[in-house]
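Protein chains in written order, with this note's numbering: chain B, 20 to 1002; chain V, 108 to 523; chain Y, 5 to 99. For reference, the structure is listed below as structure tokens.
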Amino acid sequence: MTQIRRIAGGHIDRSKTLNFTFDGKAYLGHPGDTLASALLANGVQLMGRSFKYHRPRGPIASGSEEPNALVELRTGARQEPNTRATVAELFEGLEAKSQNRWPSLSFDAMSINDRLSSFLTAGFYYKTFMWPASFWEKLYEPLIRHAAGLGSLSKQHDPDTYDKGFLHCDLLVIGAGPSGLAAALTAGRAGARVILADEDFAFGGRLNAETFSIGDDSGAGWAVKTVAELAALPNVRLMSRTTILGAFDHGIYSAVERVSDHLAVPVDGKPRQILWRIYSKRAILAAGAIERPIAFENNDRPGIMLAGALRAYANRWGVAVGDRVAVFTNNDDGVRSALDLQAKGVDVAALIDSRADAAPVNGLRHIRGGEVVNSSGRLGLTSITVRMANGGTDIIPVSALGVSGGWNPNLNIASHQRGRPVWNDAIAAFVPGPDGPAGLSVAGAASGAFSTHAALQTGAMEAVKALGAIGIAAKPIEIPKAEDAPLSITPLWYVHSGKGRAWIDQQNDVTVKDVKLAHQENFRSVEHLKRYTTLGMATDQGKTSNILGLAIMAELTGKPIPETGTTIYRPPYTPVAMGALGGRSRGEHFKPTRLTPSHKWATEQGAIFVEVGMWLRTQWIPKPSETTWRQSVDREVSATRKSVGICDVTTLGKIDIQGTDAGLFLDRVYANTFSTLGVGKVRYGLMLREDGIVMDDGTTARLGEHEYVTTTTTANAVPVFRHLEYCRQVLWPDLDVQLISTTEAWAQYSVAGPNARKLLEKLVDQDISNEAFPYMACGEITVCGGLRARLFRISFSGELAYEIAVPTRYGDAMIRALVEAGREFDAVVYGTEALGVMRVEKGHVAGNELNGQSTALNMGLGKMVSKKKDSIGMVLSQREGLNQETGLRLVGVKPVDPSKLLTAGSHFIAHGKSPVAAHDDGWLTSVVFSPDLGHSIALGYLKNGSTRLGERIRTVNLLAKTEVEVEIVSPHFIDPEGERLRA
Amino acid sequence: MRYSGWSVIREALTGHKGWTPAWRDPEPQAAYDIIVVGGGGHGLATAYYLAKEFGQAKIAVLEKGYIGGGNVGRNTTIIRSNYLLDGNQPFYEFSLKLWEGLEQDFNYNAMVSQRGIINLFHTDAQRDAYTRRGNSMILHGADAEMLDRDQVRAMYPFLNFDNARFPIKGALMQRRGGTVRHDAVAWGYARGADQRGVDIIQNCEVKGIRIEHGRVMGVDTTRGFIGAKKIGVAVAGSSSKVMAHAGMRLPMESHVLQAFVSEGLKPVIDGVMTYGAGHFYVSQSDKGGLVFGGDIDGYNSYAQRGNMPVVEDVAEGGMSLMPMIGRARLLRMWGGIMDMSMDGSPIIDKTDIDGLYFNGGWCYGGFKATPASGWCFAHLLATDQSHKTATAYRFDRFRKGLMIDEKGQGAQPNLH
Amino acid sequence: MIINHPLLGPRDAQEFVYLGDANLINRPDGLKDGAVDAFHDYLYLRDNPAGEHRELWYHEQGDRSWLVVTRNTVTHEIISVEIARDVARKMGRSK
């Protein structure tokens, strides 16, 4: 249980000990540890298996660029697959499991793939698995799918809460290493609104992993002091554990803050993570640099890692990754790892420096001009084979090897808007190009300025420049003394020797040989190379490996690296939980719920509700004795037609239209004419799209000389209003007309049936006799002794009917008043189902007929389109394709055998014709059961329908393998003469 | 060389030295009989079928970048033939049948996997619309089934059935729908075309179309002038740019569609699924990543990237439908250029210029159409007649009022 | 994206609804000869440029004004934002 690889020092709190488990085994660690550092401290190097070959894997990095050490963190519903052990903060009781292995991490049966590796090279699956044809789906693919993926989801609902927020700032500083801190301090002191974000739980970046000093402080100490000053500034917001995901248009950055991931469970009321949308005027990318390795045969054993990570584990976490280590480097920075480890008392067996002309390092075995050509150790490194400059070889026993191939400026975000990076020979790396996101500048190692001094200086200067561009004067902070060594590097991408496999992408198992094969088969552009070999497509997106692949391809094609180019950089910078992107809009809160004014009353009655867009509308209200919905709906319909029914129709769109040109305006937006409508009258209207297809229908009432109110269907309330505003502001800007949506301003109830007038007369203060208020009249009235209201005598149901509107805040009182007034007439409140039955019985079109593909002619309303005036859609409605003689026409449909039920969506097939497309004559749009008629009825679109009244035809539902013989009838099933309407 | 399990074994045992380039990199000739502009899935398929089915020779495919770098290089991989309208369904069913025999046809494993697609519905109106559609599919000879809520639940128990804002009521299912490995389609067609003598010319951008007396003479490119008797343009989102060289304005707008993939996960989702109450559709790739997408951003764009509102909208849909994915992580997001047409349906037609042919307007649905699009475009180029499944895909349908509008949204591209 | 509303200042584009090319302002006269051809070209054909594009946006979750935005469709940079009614009048729209 002792932490056998723990050494002195590091930024961990040894006064507290944390218990955690990995693959069921118990270990100890300290606050400040990551899961990776704690496991390494306990001597555990093996943490995972690679995707294809299931080779043993250990961490190669100490940050979010890690490709190997992926674990399933937590258990149960909070289980989190593919979690990088190198960034998971250790907490008490942490449980982690390795992935992608069976039955265990140390013995994985799937590692048989490794033995078959020469058959399983890049792209092998494109060349085989094709015979027999059926075997791909029956055998090969199921096997491949079963073995696919890395970690598992628990399949339980994510129990955590995620929030979303919005932040504004003058300057967003991305990364809190030396350059980011210098920039934030410069800007903070200047009084600018600053946000400083870093993905790590501690600010300081690489300062926490190095032994540099800044002025009189250690690097880490300077960082702590700087953060303290920033924290005290009210204009600065510090955001640790916050990853900037991407640079979007116009200075908008997306970020995820991991509020609770470092705790076992979120503290009461806190979200797990927050997705922030940050609006910045300027931004500075100070994201540092990421190291890359050198590929050599068997360079992928646990214990072989990036040299910078090796020293980070020693300096920041007090961990010696191996008891005996070596370093392989092609640049000066790798040398630093050897020296730092030696200074910490770790046995450094050798420093293998590929540069024959490197400055000699005293005090350890410095093999100049040497290369590591192989390694051994199945589950963890046991030795390396070194080839000397003189050609001789030496096998050196070590349990850890740090490899440094150089450093890549972390320019990901600067390239998110398709900016192409630019090659810099001096550091043998890409640096951000000139065409990055507007308002973003780059400082420190991310820009190629690698030394601590350069980081501090460029950070401060970029802050001054950025603020200057937005009119804020700033002075750069005084730069304390800090090391300023240049990066001296001689590029070496892979060791050119050995027959074995040298690894580039360790998660997807892509080797140097795979790159060569891609070249051989002419997959030579970097994008083809990537897709063919899958290099860079794993969870790390090739942060440590892409450059090796493209450099090797450049070598093979004979093109220089800049000409070979990089693949595209895209958000997110590191993978982000779907829960964070979804926020609180899930479950019942996926979309807002809109309630009608009668909702409370309806709930008291035990109503069944239905979603209509975002509204909840009463669908029917069951009586206790009723057991099926049909019983309730049939009763509501019958009661309405027999006496009187009340329905909440608030959700239909209402638009008040006023002005001296209002009538003229209506003539232009409706297919039919409204300027001739008298005051106090209502007219049915058809609105076309500009292409001549019916957009919506409704009624428009003229309440006054210059005052109208237009209704729309529920679904089109918003689009119609948008369209009318478009016509008013853009097409005819000088017409004197104003609009306002009043859908939510008025609670509106339909009162329908032979006793409708009698009911309303009990509430309405004015005379609404048939003479005073005839069919299609409207007017402003008062109810209940003076409350202002509107009354419209229109009918969707076909009965004597009105719609009465009161200001919404009286909606609840109104439904109760209507119900009370209706008691003596056995009034019923009916829902959308009964509403639907009655409108189909009357032959009114609604949503299913207004399908965006149908014309007025299709609906039997062709005569409503006036050709005497120019209106939206009038011209294009006359196109020949929309006016075919044998085109679809709206018809009524009833089953020949009244006991049969019809199905909406069934298609018409004539007698004697086979059910194939050539004989498809149309379909049933709306189907209801008519209690009045005692059988199923429907509306439908039938080819040449107007000539086929009386015809018997089949309606087929091939999905259910049923068919019903029907008769084509008029769509007006009830009261076709309209006598009830005019009563 | 022919690919097979035997060739894989043979090469594995002999150091893989025998694998030949999948396609040549020839210098462009002075002239061709037919030039296909656009080295994406459709252009490559066109060239392949021109050579294989229609006996054409002297064909070139000109690609401005690297082949297969557009939609076919990154899409949500879905194939299906569940369209509603008579103008569309026969074409997509023809395409699905071609998918079913494709790998054996072009000797490349495109991993055609017909694991089924379900379209969930949440209202009676949606159910009715899917009933109409399902019947349409069967009338046109495709397969369709309706599933009720319990059947959906048995198939996908992890969906949200308990506290959904818009409860699942059922689904329309097409068992023959599924996914295909998109890169393999481009590479398979390219290799097949190349083997039959088609010159695939990469890094060759068309900068002008030379027209004399109302007839094409050839194209000016970044690699010089190349003569042609016939030119077929298949460049998707770049259609307006390329056809402007011929003085044409098109009935389309270019829009950005984003697509997404998660980190690799052990299998959770077997088939393809679309959500009926939000913009979200998903499948799981053979490597384990969840591949998903939603709506277009909604504004004209050639930027090949989108913005956060859609990312969040898609994630909200996903989380509402399957709350288990909260712990999965979005790994990468892309944006492409969609050629959104005025009715949401494509155009495969001649133009008023002799020898100039056009294929485009695929909106975000072009991938499943790849084989049929290639076949029908080849048919048109070779015979000057529309293939019988593509007779409605004409420019003049807008003038005549014969739109093929599946969604019923009219002449506003961003609503399709 | 951020749209700098001439009256309200910078707003997130999420508050808006997009229609399309601002040429839609030039609606033909429905009663003139050749109206079908004119309407076809007006409604169906687009320049669809890769570059500067003048387009109509509606501030649905704000003041309900229509705006004409000049935006580069390749970089998404917004060059100008105008009140659509003003632009329409300049283009000759009236009653």
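In this text, a Cβ means the ideal position worked out from N, Cα and C, and glycines have one as well. Every value quoted in this text rests on a predicted model; they were computed, and no experiment measured them.
Here H80/Y is buried, its C-beta having at least 16 other C-beta atoms within 10 Å. Residues of the segment 796-818 of chain B with a Cβ closer than 7 Å to any Cβ of chain V: none. Separation of the CB atoms of L420/B and V344/B is rounded to 7 Å, and the pair is thereby assigned contact status at 8 Å. If you compare the alpha carbons of P100/B, I23/B, E114/B, R97/B with that of A45/B, the shortest gap goes to E114/B.
Taking a C-beta cut-off of 8 Å against chain B, the contacting residues of the segment 439-457 of chain V are R439, M440, W441, listed in chain order. Distance from A278/V to L227/V at the Cβ level is roughly 5 Å; contact confirmed, criterion being Cβ atoms closer than 8 Å. The segment 770-789 of chain B and the segment 839-857 of chain B touch, with three or more beta-carbon pairs separated by less than 8 Å. In the DSSP assignment, W155/B forms no beta bridge with any residue. Judged by DSSP secondary structure, W113/V falls outside any beta strand (DSSP E) and instead within the alpha helix (DSSP H) spanning 112-120. Within chain V, E360, N407, Q519, P520, N521 have C-beta atoms less than 8 Å from the C-beta of G24/Y, given in sequence order. Taking a cut-off of 8 Å on C-beta distances, the segment 587-604 of chain B touches the segment 170-187 of chain B, as three or more cross pairs fall below it. The beta carbon of R356/V falls within 9 Å of a beta carbon belonging to chain Y, placing the residue at that interface.
Put simply, the CB of A107/B is far from chain V, with every gap to its CB atoms at 9 Å or more. Under the DSSP assignment, V243/B falls in the alpha helix (DSSP H) whose first and last residues are 238-251. DSSP, reduced to helix, strand and coil, places H123/V outside both helices and strands of the structure shown, so it counts as coil. A Cβ-Cβ contact shorter than 9 Å links T692/B with D686/B. With 16 or more other Cβ atoms inside 10 Å of its own Cβ, E822/B counts as buried.
Put simply, the backbone Cα of L209/V is about 55 Å away from that of A228/B.
Between the alpha carbons of S480/V and Y332/B lies a gap of roughly 56 Å.
For N52/Y, at least one C-beta of chain V is nearer than 9 Å to its own C-beta. With the criterion set as a beta carbon lying under 9 Å from some beta carbon of chain B, the members of the segment 206-218 of chain V are E207, G208, E210, Q211, N214, Y215, N216, A217, M218, in sequence order.
Against chain V, the beta carbon of H44/Y has neighbours under 7 Å at F505, R506, listed in chain order. Minimum Cα-Cα distance from S34/B among the listed residues G48/B, I26/B, A720/B corresponds to G48/B. Inside the segment 508-590 of chain B, DSSP marks whole alpha helix (DSSP H) runs of 4 or more residues at positions 531-539, 545-552, 565-576, 580-583, from first to last along the chain. One alpha carbon belongs to N182/V, the other to M440/V, and they sit about 11 Å apart. Counting along the chain, F484/V sits inside the alpha helix (DSSP H) bounded by residues 477-490. It is roughly 17 Å from the alpha-carbon of I308/V to the alpha-carbon of I316/V. Between V421/V and G400/V, the gap from beta carbon to beta carbon is short of 9 Å. The alpha-carbon separation between M431/V and F138/B amounts to approximately 36 Å. Exclusion of the five residues before and after S173/B leaves G95, A96, Q98 as the residues of its chain whose Cβ lies within less than 7 Å of its Cβ. For R296/B, the closest Cβ of chain Y is nearer than 9 Å. Within the segment 343-354 of chain V, S345, S346, S347, K348, A351 place their CB atoms closer than 9 Å to a CB of chain Y, listed in sequence order. Per DSSP, T801/B lies in no alpha helix (DSSP H); the unbroken beta strand (DSSP E) holding it starts and ends at 797-802. Within chain B, L172, K174, Q175, H176 have C-beta atoms less than 9 Å from the C-beta of F265/V, given in sequence order.
Comparing C-alpha distances from H352/V to each of G38/Y, P53/Y, G34/Y, N8/Y shows the shortest one belongs to P53/Y. With the criterion set as a beta carbon lying under 8 Å from some beta carbon of chain V, the members of the segment 138-151 of chain B are F138, T140, F143, Y144, Y145, K146, T147, F148, M149, W150, in sequence order.
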